[in-house]
Every structure is written in structure tokens, then in C-alpha cells.
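Written out below as C-alpha cells is the structure these notes cover.
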Amino acid sequence: MAATDKTVQTVREMERYKYGFETDIEVETAPKGLNEDIIRFISAKKEEPEWLLEWRLKAYRLWLTMEEPKWQKVHYPPIDYQDAYYYAAPKKADGPKSLDEVDPKLLETYAKLGIPIKEQEILAGVENPNVAVDAVFDSVSVATTYRKKLEEKGVIFCAISEAVKNHPDLVRKYLGSVVPPSDNYFACLNSAVFTDGSFVYIPKGVRCPMELSTYFRINQKNTGQFERTLIVSDDDSYVSYLEGCTAPQRDENQLHAAVVELVALENAEIKYSTVQNWYPGDENGKGGVYNFVTKRAACRGKKSKVMWTQVETGSAITWKYPSCILQGEGSVGEFYSVAITNNYQQADTGTKMIHIGKNTSSKIVSKGISAGHADQTYRGLVRILAGAEGARNFTQCDSLLIGDQCGAHTVPYIESKNPSAKLEHEATTSRISDDQMFYCQSRGLNAEEAVGLIVNGFCKEVLQTLPMEFAVEAQKLVNISLEGSVG
Amino acid sequence: MAETQSLTTAATGSVPAPFAALLERAPDTLPGGRIDWVRKAREEGAKLFLAHGVPTVKVEQWKYTNLRALLKIPFQVADGAAALGLTDLPAGDALTVDAHVLVFVNGRFAPELSDLEALPAAIRVDSLAKLLETEPHLVEPWFGRLADAGTLPFAALNQAGLLDGFAVRVREGAMIERPVHIVQVSAAEGAPTVHQPRNLIVLEAGASATVLESWIGATHADGPQTLRNSVTEVYVAPRANLRHCILQNLPETAYSIAATAAKVEEGAVYDSFVLQIGGKLSRHDLRVEMAGEHAEAHLNGAYGAMGDQLMDTTSYIDHAVPCCTSNEVYKGVLADTAKGVFQGKILVRRPAQKTDGNQLHKALLLDRGAEVNCKPELEIYADDVKCSHGATAGEMDATALFYLRSRGIDPQTARALLIEGFLDDVVDRIASESLRQAFADMIHVWQDRRLAAASRSAA
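Protein chains in written order, with UniProt numbering: chain P, 1 to 487; chain H, 1 to 459.
Here it is in C-alpha cells:
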């Protein structure tokens, strides 16, 4: 009994969200609610060209006719879209010319999060930095580092609003070309109200010299976050992009409906890694972020390759399916996912692999861990169209249940219209066996360490695909997320 | 009131005239029409079907099976064997196996074609229509309880148009060695017809029996279309053991929508095998509820489709209690522009700890234009379980083909051998040797049919 009490105590202490602090900065906010005027306001604030405003308004009008999807296996109270702010930007005169001009409070926040902008560029003054950070603080980019070095290579890495101004042709050409506004309810909403995000363009033949990274952070109370990320990898180029998230603790649910579009042209490769650790709500399922994200990649060129890796440990509700449209001959799509849900978290996640071109191949490895009262669903689609001669797919989804109050579900859709395509799907559901626990504990590990070790082993195949910087963080995250699930 | 009305008008829009006609028949003249619960069940079925409408591809469960073509056919309610003057059955279409044979034509019992004499006393096979007149209390405890008209639109339609079907009952502890073979014939003359067999199989505690079904047609290839919309409810009492094999070998003009819903009690075994090789469009909903601890369900099946046939198996295994085992293996071969669908769901409810649930679907695509859609699904709420599913789709192994060719076997035979090998794997799961043989023979029949069609189109 004493042991149980102690565990409960530990759980309480551990469960307090590590990054649950809030920075108080003057915010310029659009009035609450959503209408065409708000969209005009956002567009005007961003000093956007006419075509983009039209694009937004068209999306908004379409959105009004759409219905919120209900098929996903998650439950949440109805969202009042009029009860949120759609624009909140840290107040500033002109854009900061350097980090010196950045509000020190912002830098302080980043320091708490461990984002190494200052540390790397100002304090340490590292000569060959490895990570470039386009930090997003409540929708607006405030600091971009290493732009120079990237510029030398011709790589464009900036806030999307900046790209609209400086590279309108590129943005206009690719924006919405992978995820059109009509795609789904949340992508449509995003198209109407997106405030910021990153834009990356890797020119022909360039291997991006460093890993690009954006730390998203939701800060302003009651603000939905509508990021729009667009990455274009031209012929024979390579880029690795990292996305990581934490959010301050608060009680009201926050809606986050981002759109990520990737375009890989001939022989290009994009590696997109996500560690998502937004506020999951408290132990009783109160609060937390709604993470309704549309992520899709178009492998347009021959032999192009897109690799999605995600570690999803946060958010009260995660609902996303990073997908690949494999159009180019011999293009490759890969999806590696670890999703951990604890307490009352819900996740409905997976991927879509649409094989259009000849000899396209895809690989899906999904590891789901469900603990506490959490519910988790892998939902995936592998579709082979008639022209996808010699297409190949391998799918493996494993679920691990910790405790008898959680759920794990697998809903794969496998559709083949070409006989020469080979498809394999495999799914298992199990729990940590008593033997495994006994073995670890007999070696002196406590129950929690043992679970951490076993779960990390269970996810190893996915975690290995993360870039170094993330892999270490992700392993720790796996342990932290599961704290309190055994005892 | 206003609400009900609007529901009906809105729904009848999606219910085509022939189906609406099915819902309107005067109930008193039908079997059991004077019994309160039968009347209620019919009304309830009609109400639910109107609420459902004919499912479109927008309905998740019917995502891959489009019924549009079906709605254009002006079906009429079918007559029985006597009215059709049917005196003989087409040879070679049904399973060939030593058994007690009973024949139902268009869902109605045809005593003149059946052989009831040698039937042991411990087993009863009746026509449901007769049972509803004489002993309705034998039907009531099961009727509509297992096949949920609330979630199966066509089970609702079947319930609304309840006429006849077979009812098998095996006494407590009885071991019936010789299988009961129920041959169900779909026949139409002149106009397209619809019939809706409603069947019931009850095994009392500790009983053991084998029930075979052959679904065949008596209409030739260019005859009028038939729609067979059947519901079979199966109750396997504690410690009973039912082997239930179905052959769907309907003619190319036939549409088949069937639901088999079984409840398996403590320590009981439900072992099913379904082979589909006929029909233009055939859908089989298989629902099994594991209702008692240590119950077992083995659901195996194979299908071979060619031309523009569509074969759909949608299974739903509900593990409601601890310590049950379910195994499901389905394999399909798709030639020409045929379409195969497999949707399999395993639900493990929170109390169902120690569940062992496995599912596998494999599809072999022979030709360009063939298509397979597969959706295996796990929904699990208990942690101490072992559940898995697997699905594959692909063409014939080129190396295996090459091996056979290098041994001097012509390509046609080689392909046939490999198809046979592919399907044998699941046919082998049938315990009885004679039955295994009977099904293997039917697979040969399908292979010959496929080769004949191929050589026809080549010539």
C-alpha cells in the first residue's frame, strides 16, 4: 500500500507540466471571433498582396459551407470558432534587425525552453553552427539565425509572411498546391486565417548545410495557432527540417490547426521530423491543446523522397496524418511514428501513402503506446492506383497498452488496383509482459525505469530515424510521458 | 409526429420502389402474421430500413461496395419451387458431400426436393414459416436478437419482409455426425426477383453438428436477375460445437447480400468456412459475439472472383468477455476486373482480458484491372490481450512460376497450380476431410470456369 501511495505522490509531482509558464508581453490582438473583416485585418497586418487576401477570403467562404468532420475517433466538446482570437503578434516597431532588438522577455522564454539562439549566435559565437532556428513566438517569427550562411547556398529559410513579400512567385506557385483549401475543414480554416509559419526553398543541387529547425510555441491566451509551413526542395536537393513544440500550461483548450506542405522535385529528399510536446491537459483530462494538423508531401519528381518522423507525446487531442503523394517514378515515402498517450489524452494519427507513379515505394512504421485512460488510433491509407506498376508498401503498426483503462485501435485501409504492386500490412497489440518486467527489475531497475527501458526498446526503430539532436530529447520524452503510468 | 413524417419522406427517397413494395405488404396473411411479436418485428424492420435507406458508399461499412446498379433493377418478390415448377436441381453447383439434404427455393422450403427421412431425432430442421405457425416460442428468443437490424440495413429489410427460411435445432448433448446440407436456390422466371431467407441455427448446450449451406441458382446466365438478401442467426450454447460451411456459387445474374450473426457461449466453438465463387455482387456480413468465457471462433474463407464480379466480406468479432479466442483467415483470388473487399474488425471490450484474436487477409491479383480493398481493424480496450492482424496484396510469385515452368509445366497449368496452393492453405483449415475435398472440388470448378472464360475471350 505504501508503495502505491508513494507512486501516486511521485506521479503528482512529475505530472506537473515542465514547461508550464507564461510570458507576459504586450500583444497586439485582433478582436475575438472570425469574419471577413478579421481576415482582412490579418492580411493587412501582414501587408499581403491582393491575391493572397482573395485566396484567404475564398477559403473562408468555402469553410463556412463545410462541416466539421466527425469520423475520427476522438471526443471533445464543440469548438466555438467565434470565441477565439485569430491574430496575436508580439508588439514591435519594425522587424528586429538583430537579436539585440528582440524583446528580452522573448529571449528569456526561449532560454527556459532551451532554444539555443542566444547561446549559439551571441554568447557562444559558434563558427559552424549546425542548427538554424526560425523561432515562432505566437505566430510571428521574431528571430532567424544563420540566414547568411544559408543565403550563400541560395537556401531560402524565412517566415512565410516574409516569403510572400520577397519571393511571391515561389509562394504563389506552391502554396495550396499540396493541401488545397478545399482539402478538409481544418486545412480550409487554416488557409483563411494562417498567421505565420516557415518557408523553405532549397535550390537545385543544393544539400542544405544544416538542419533547419522551428520551435513553435503557443503563448497568447485563447489564441488558436494556425501555422502554415511550405517546404520546396528543387531537383537533386536535400533538406532536413525539425519541428518541436511546447506550450504553456493553461486550462482552456487551445485549437491548433496547422498545415504543412512539402514539395519534392526530381531526385530531391526532404526529411521532416517532429517532436510534439504540447500541453496535454492535466491528470484529469482538463485543458490541453487540440492538435488538428494537415501535413502532406508531394513527391513530384523522379526518385524524390520524403521521410516523415514524428514523436507525438503532447496535446490533449492529436489528429493528424502526415501523408505522401508518390507521383514521381521511383519516389519513396516513409513514415515513422511514435505516439504516446497518457492520462486522458486522445490521438488519432497515421499516414496516407498514395502511389501514383511506377515503382514507387512506401514504408510505414507506427508505434503507439497508450497508458492511463488514453485512447489511441492508428489510421492509415495505402492506395495503389492502376498506373503504379511495381509499387511496394510495407506497413507495421504495433500498439502497446499500459494499464487496463486505455484503448488502442488500428484502422488501416489498403487499396490496390495494380496486380504488380506488393503490399504488406502487419499490426499487433500487446502489453509489457510480466517476464520483461521481472527481468529488468531483477537487475535492479525500478518499475518506472523498467517500463521506460522497454518502451524505448519498443520505439527504437522509429527513434533511430530522428536526427541526433532530437533522438536524445525524444528518448527522454518517452520516459517523461509515461511517468506515473505504472505503480 | 412531424419529425417521423419528415424522416419517412426523406428516407423513402433513397429506398427504390421494389424495396418500398417489400415494406408495404399486408402482414396478416404472412406466416406468424397474427402473432404480436412477429408483427412488431416486421414493423420495426420496416421502420429501421426506412431510416437506413439503401447504404451508399458514403456509409463507412459500404465504402467499397457500390449498390447503385442494384437499385435500377425492378425486383419483384419471388415465388417458391412449386409455383416455379422446379422439379430438379442443377447438378454440380452445390457441394458434393454425404449429408442430409434439404432444399429451399427462393427462401421457401421445397419438401419434394428434400430428404428428411434419415434425420436423427436429436436434430430438427424446419421451415421457419411452419415453425412460426406451430411453435413460435422456439423462434422468439433468437429472432432479431443476434442480427442487429439497427446496424445492418439489409437485415432490417429482411426482418420487414420475413417469409421463410430454415431453422435447425440440435438437442442438448447430441452429437450429429452426418452433416445437414441446406441447398438454397435462387430462381427467377421472366422478371427479376428478390427473396429474403431468414434462417436460424440453434445448438443447445454440449451439442455438436455440422451445417452446410450451398447458395446456388436455377437460372441460366442470361436469365433475369435475382437478389438474395438472407439473414442467418446462429446460437451456439455453452460447450456446443458448430461447424458451419457456406458455399456461395450463385449464377452471374445474382446479387447476394447476406448476414450471418452468431453468438458463442461459454466454452463453445463456432467454426465457419465460407467459399464465394459466384454472383455478380456478393456481400457477406459476418458477426460473431464471443459471449462466454473460453469460447472459440474460427472464421475462415476464400473467394475467387473474375469478370466484373465483386465479393465483399465484412466481419465483426466482438470479444465481450475474458479468455476467448478468435482466428480469422481469408484469402482471395481476383482475375480480370474483379473487385475484392475485406473489412474485418476485432473489438476487444474492457472486461475481455486474455483475449487472443488474430486475423489475416491475403489477396492475389491475377490481372490488370483487378482490385482489392482491405480494411482490417482492431479496437482494443483491454491490456492483457494478444491481437494481431495482417494483410497482403500482390501478384503471383514470379520465382515460383519460373520454377514450375523450368520443370516443363505450361504457364496455364503453373498458374492454376499456384492459385490452388494459395487457396489450399485456408481450405486445409476445414477439419473434416470429405468437406475439405468438397470445397477443393469447388475451387477446381472455379478454376475451370476462369480458364474457359479466358480462352473464350482469347478466341
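Every residue, glycine too, gets a C-beta built ideally from N, C-alpha and C. All figures in this text were calculated on a predicted structure; none of them were measured in a lab.
Of the residues Trp-142/H, Gly-161/H, Met-290/H, the one placed nearest Asp-28/H, counting alpha carbons only: The residue given as residue 28/H occupies position 28 in the second sequence. Minimum Cα distance to Asp-28/H is reached at Gly-161/H.
Step through the CB atoms of chain H and report whether any lies within less than 8 Å of the CB of Gly-407/P. In the first sequence, the residue the question calls residue 407/P occupies position 407. Gly-407/P counts as touching chain H.
Is it buried or exposed for residue 512/P, if we count other Cβ within 10 angstroms and need 16 for buried? As displayed, chain P neither begins before 1 nor continues past 487, which places residue 512/P out of reach and without an answer.
What three-state label does DSSP hand Met-14/P in the structure shown? Translated into the one-based positions of the first sequence, residue 14/P becomes position 14. Residue placement at Met-14/P is flagged as unreliable, the pLDDT there being 47, under the threshold of 50; the coordinate-derived value follows with that caveat. Residue state, collapsed to three classes: helix.
Quick check: Leu-128/H and Asp-93/H, are their CB atoms within less than 8 Å of each other? The count along the second sequence starts at 1 and reaches residue 128/H at position 128. The count along the second sequence starts at 1 and reaches residue 93/H at position 93. Not a contact, by the Cβ cut-off of 8 Å.
Once the 5 residues before and after Gln-447/H are set aside, which same chain residues still bring their CB inside 6 Å of it? For the purposes of this step, residue 447/H is taken as residue 447 along the second sequence, with counting starting at 1. These residues qualify, in order along the chain: Ala-416.
Taking Leu-401/P and Val-451/P to be in contact with their CB atoms under 8 Å, please state how far apart those CB atoms are, rounded to whole angstroms. One-based indexing of the first sequence puts residue 401/P at position 401. One-based indexing of the first sequence puts residue 451/P at position 451. Not quite, the Cβ-Cβ distance comes to about 12 Å (not below 8 Å), so this is no contact.
Coarse secondary structure for Cys-158/P, derived from DSSP in three states: As a working mapping, residue 158/P is identified with position 158 in the first sequence. DSSP places Cys-158/P in strand when its eight states are reduced to three.
Out of Thr-65/P, Ile-42/P, Glu-312/P, Glu-67/P, which one is the CA nearest neighbour of Arg-56/P? Taking the first residue of the first sequence as 1, we reach residue 56/P at position 56. Of the listed residues, the one whose Cα sits closest to Arg-56/P is Ile-42/P.
Does the CB of Gly-304/H have a neighbour CB from chain P at under 8 Å? Taking the second sequence and counting its residues from 1, one reaches residue 304/H at position 304. Cβ-Cβ to chain P under 8 Å: no for Gly-304/H.
Cβ-based contacts, 9 Å cut-off: residues of the segment 381-393 of chain H near chain P: Tyr-381, Ala-382, Asp-383, Asp-384, Val-385, Lys-386, Cys-387, Ser-388, His-389, Gly-390, Ala-391, Thr-392, Ala-393
Can you list, in chain order, the stretches of the alpha helix (DSSP H) that have 4 or more residues and sit fully within the segment 162-206 of chain P? 168-174, 185-193
Inter-residue Cα distance where the pair is Ala-205/H and Leu-453/P: Start at 1 with the first residue of the second sequence, and residue 205/H comes out as number 205. Start at 1 with the first residue of the first sequence, and residue 453/P comes out as number 453. Taking the straight line from one Cα to the other gives about 48 Å.
Would you list, in sequence order, the uninterrupted beta strand (DSSP E) runs of no fewer than 3 residues that lie entirely inside the segment 350-431 of chain H? 356-365, 371-380, 386-394
Best match in Glu-177/H, Glu-293/H, Trp-215/H for proximity to Ala-91/H [C-alpha to C-alpha]: Sequence index remark: in the second sequence, residue 91/H carries index 91 (1-based). Comparing Cα positions, the closest option is Trp-215/H.
Starting from the N-terminal side, write out each stretch of the beta strand (DSSP E) that is 3 residues or longer and does not extend beyond the segment 366-413 of chain P. 375-384, 392-402
Tell me, please, which residues DSSP counts as bridged to Asp-126/H. Along the second sequence, read from residue 1 onward, the residue named residue 126/H stands at position 126. Ala-167/H.
Starting from Gln-346/P, follow its DSSP beta bridges and name the residues at the other end. As a first step, residue 346/P must be located in the first sequence, where it is residue number 346. Gln-346/P pairs with Ile-317/P, Asp-375/P.
For Ile-480/P, does the three-state DSSP call read helix, strand or coil? Along the first sequence, read from residue 1 onward, the residue named residue 480/P stands at position 480. The answer is helix: DSSP assigns Ile-480/P an H, G or I state.
For Ser-69/P, would you say it is in contact with chain H, using Cβ-to-Cβ distances shorter than 8 Å as the test? Counting from one through the first sequence, the residue named residue 69/P turns up at place 69. For the record, residue 69/P in the displayed sequence is Pro; it is not Ser. Cβ-Cβ to chain H under 8 Å: no for Pro-69/P.
Residue-level contact to chain H via CB, residue 499/P, 8 Å cutoff: A question about residue 499/P goes unanswered here, because the residues of chain P that appear run from 1 up to 487.
Can you tell which of Asp-425/H, Ile-277/H, Ala-188/H, Ala-262/H has its C-alpha closest to the C-alpha of Asp-148/H? Stepping through the second sequence from its first residue, residue 148/H is reached at position 148. The shortest Cα separation from Asp-148/H among Asp-425/H, Ile-277/H, Ala-188/H, Ala-262/H belongs to Ala-262/H.
Nearest chain H C-beta to Lys-422/P closer than 8 Å, yes or no? Sequence index remark: in the first sequence, residue 422/P carries index 422 (1-based). Chain H, which has a Cβ nearer than 8 Å to the Cβ of Lys-422/P, makes this yes.
For the segment 206-215 of chain P against the segment 226-245 of chain P, are there 3 or more C-beta pairs whose distance is under 8 Å? yes
Against chain P, with Cβ distances strictly below 8 Å, would Asp-222/H count as a contact? The residue given as residue 222/H occupies position 222 in the second sequence. No, Asp-222/H lies away from the interface with chain P (no Cβ there is under 8 Å from its Cβ).
If you compare alpha carbons, which of Ala-254/H, Arg-349/H, Ala-338/H is closest to Val-321/H? By 1-based counting over the second sequence, the position of residue 321/H is 321. Per the Cα distances, Arg-349/H.
Alpha carbon of Ala-31/H to alpha carbon of Arg-287/H, nearest angstrom: Taking the second sequence and counting its residues from 1, one reaches residue 31/H at position 31. Taking the second sequence and counting its residues from 1, one reaches residue 287/H at position 287. A quick correction: the sequence has Pro, not Ala, at residue 31/H. Pro-31/H and Arg-287/H: Cα-Cα distance of roughly 27 Å.
DSSP-derived helix/strand/coil call for Met-437/P: If you number the first sequence from 1, residue 437/P lands on position 437. Correct three-state label for Met-437/P: helix.
Per the DSSP calculation, His-75/P is bridged to which residue(s)? Here residue 75/P is taken as the residue at index 75 of the first sequence, counted from 1. BP columns for His-75/P are empty, so no partner.
Alpha carbon of His-167/P to alpha carbon of Asp-234/P, nearest angstrom: Position 167 of the first sequence holds residue 167/P. Position 234 of the first sequence holds residue 234/P. Looking at the two C-alpha atoms, the distance is approximately 15 Å.
At 7 Å on the CB atoms, spell out the chain H contacts of Pro-467/P, in chain order. Here residue 467/P corresponds to residue number 467 of the first sequence, with the count starting at 1. Within chain H, no residue comes near Pro-467/P; the closest Cβ sits about 32 Å away, beyond 7 Å.
How big is the Cα-Cα spacing for Tyr-235/H and Gly-390/P? Start at 1 with the first residue of the second sequence, and residue 235/H comes out as number 235. Start at 1 with the first residue of the first sequence, and residue 390/P comes out as number 390. Distance between the alpha carbons of Tyr-235/H and Gly-390/P: 46 Å.
Using the beta-carbon of each residue, which ones in chain P are nearer than 7 Å to Cys-324/H? In the second sequence, the residue the question calls residue 324/H occupies position 324. Near Cys-324/H there are no residues of chain P at all, since even the closest Cβ is about 15 Å away, more than 7 Å.
Can you find a C-beta in chain H that's less than 8 Å from the C-beta of Thr-410/P? Taking the first residue of the first sequence as 1, we reach residue 410/P at position 410. Closer than 8 Å: yes.
Establish whether the CB of Thr-429/P and some CB of chain H are separated by less than 8 Å. Within the first sequence, the letter at position 429 stands for residue 429/P. With 8 Å as the cut-off, Thr-429/P counts as an interface residue toward chain H.
Can you list, in chain order, the stretches of the beta strand (DSSP E) that have 3 or more residues and sit fully within the segment 250-307 of chain P? 254-256, 259-264, 269-277, 289-299
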